[in-house]
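Residue numbers (the UniProt record's numbering): 1 to 373.
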Amino acid sequence: MILGKNGVPVAENFRLEQSTIPDTVQEGQVRLRTLYLSVDPYMVGLVFQRCRMNEDTGSDYLLPWQLSEVADGGGIGVVEESKHNNFAKGDIVTSFNWPWQTIAILDGSLLQKVVPELVNGRLSYFLGAAGLTGLTALLGIREKGHVTVGANQTMVVSGAAGACGSLAGQIGHLEGCSRIVGIAGTDEKCSILVSEMGFDAAINYKKGNVAQQLRELCPGGVDVYFDNVGGDISDTVISQMNQNSHIILCGQISQYNKDVPYPPPLPPDIEKIQKERNITRERFLVLNYMDKQEASILQLCQWIQEGKLKVGIFTFNLCPLILSPQIRVPVRETVVEGLANIGDKSNQKLNFYNSASVISKDTSVLPSGTSFQ
Ligand SMILES: NC(=O)c1ccc[n+]([C@@H]2O[C@H](COP(=O)([O-])OP(=O)(O)OC[C@H]3O[C@@H](n4cnc5c(N)ncnc54)[C@H](OP(=O)(O)O)[C@@H]3O)[C@@H](O)[C@H]2O)c1
């Protein structure tokens, strides 16, 4: 990490260095080869989200990256040497504290073993649909959504074409909502949400009157709102929420660069509606529910295997610096190859559905039955 200015993260904010790691692994430690790193909005997201690049990350659970120190985040890799009882050579492991290094030595307590068969060998899923993103969508709905099978509930999802949103809409159906309406920023995204992700309808918030479209598409009002974005979109949705309905306060991506507390206060007229209609709006943080992580990941993997959590193919035309300019990836992931390209990827103006960076394509390091995308 090197010093940047306010605004969109750019390649110049990152420096790639060669360094030597210790020859010996200490008791309790594990030496790892990195396979994928996750690049998420909370670290160097797209279009102005750069929480971990700011001194104040805007969140009490995220520490800022330090200048000239190695960036870290979600990662997945293979064990090359272990002096920790829980891990052996060849195990595939994941961590929320993975340094952006090709080879790393980590304390075993930071690692979790994963079973590649659970995602049909597609390891990057453990950073997305079967990882923190999937957990956020599932646990957000279960903990804050009050979804009841047979209750004929309508759920609206903002940021619906994003990593969390696209899963949240699908999971809303799986958990019992009868109608799911997404809000996204292009016609193409809206069309994919409906044709491939099982949303009942989607609104392009950059076109037309959102309030009017919402009224037409949610004639019985909104019972559950999975809120990823906050701001005007959320104010419009909240205005159409029913008595005793529920907001899942997942994120407020439109507000992250504003000097406001989190969660950002609602405008007075919207707050009045929220109070009068007894709409819950409790802060949700996936990391508070890690006791439910294992069972929830198993649930997500089961849905993936059963084809209930939709897997599609989408082709992004990535920037010229990325080795393979057209990369076909499943589950709406965006994968760039090579540590050197991560910083550059963070400057993409494209809005990715999910993002992972594959660090090594040396298939000899993979256990049988697993693959790179
Ligand atoms: N609570 C938790 O524990 C937890 C955990 C993980 C993530 N999160 C939060 O969940 C949210 C979604 O994360 P993600 O990983 O799904 O992000 P993502 O994949 O980048 O998707 C976010 C989507 O938000 C939309 N968006 C961006 N800026 C917007 C704006 N100003 N107004 C309206 N829409 C905007 C973009 O879609 P369009 O092009 O369609 O606008 C984008 O696809 C974030 O706020 C993140 O911080 C919370």
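Glycine is no exception: its CB is placed at the ideal position from the N, C-alpha and C atoms.
Can you tell me whether residue i sits near ligand 1, meaning its C-beta is under 8 Å from at least one heavy atom of the ligand?
i, result
"Tyr-256", "yes"
"Gln-252", "yes"
"Gly-140", "yes"
"Val-229", "yes"
"Val-78", "no"
"Thr-186", "yes"
"Lys-310", "no"
"Leu-132", "yes"
"Leu-285", "yes"
"Ser-124", "no"
"Tyr-225", "no"
"Gly-159", "yes"
"Tyr-205", "yes"
"Ala-201", "no"
"Thr-136", "yes"
"Ile-233", "yes"
"Cys-164", "yes"
"Lys-189", "yes"
Do residue j and residue i count as a contact pair if the criterion is CB distance below 9 Å?
i, j, result
"Leu-217", "Ile-105", "no"
"Gln-274", "Ile-233", "no"
"Pro-263", "Arg-283", "yes"
"Ala-202", "Leu-214", "no"
"Val-229", "Ser-166", "no"
"Gly-75", "Thr-94", "yes"
"Gly-185", "Phe-226", "no"
"Met-197", "Cys-177", "no"
"Ser-38", "Leu-139", "no"
"Gln-243", "Asn-278", "yes"
"Gly-182", "Ala-160", "yes"
"Glu-175", "Gly-145", "yes"
"Gln-170", "Lys-83", "no"
"Leu-135", "Tyr-289", "yes"
"Cys-190", "Gly-251", "no"
"Asn-120", "Gln-299", "no"
"Val-70", "Trp-100", "yes"
"Gln-255", "Gly-231", "yes"
"Arg-122", "Ser-68", "no"
"Lys-207", "Asp-187", "yes"
"Pro-116", "Ile-92", "yes"
"Phe-96", "Gly-77", "no"
"Ala-129", "Ala-168", "no"
"Ile-253", "Thr-280", "no"
"Thr-236", "Val-260", "no"
"Leu-111", "Asn-86", "yes"
"Val-149", "Glu-81", "no"
"Trp-98", "Thr-34", "yes"
For residue i, which beta-bridge partners are listed by DSSP?
i, result
"Phe-226", "Val-157 and Ile-248"
"Gln-29", "Asp-107"
"Ile-180", "Met-155"
"Met-241", "Val-222"
"Asp-259", "Answer by DSSP bridge pairing: none, since Asp-259 is not bridged."
"Ala-202", "Gly-182"
"Arg-283", "Leu-249"
"Ile-273", "Answer is none; Ile-273 lacks a bridge partner."
"Pro-99", "Asp-72"
"Ser-82", "Val-30"
"Ile-233", "Bridge partners of Ile-233: none, in fact."
"Ile-92", "Val-78"
Please confirm whether any heavy atom of ligand 3 lies closer than 8 Å to the CB of residue i.
i, result
"Gly-176", "As for ligand 3, it is missing from this structure, which binds only ligand 1."
Taking only beta-carbon positions, decide if residue i is within less than 9 Å of chain D.
i, result
"Gln-170", "Absent from the structure: chain D. Only one protein chain is present."
Open item on the list: Which runs of the alpha helix (DSSP H) at least 4 residues long sit entirely within the segment 109-146? Give them in chain order.
Closed with: You should have 132-144.
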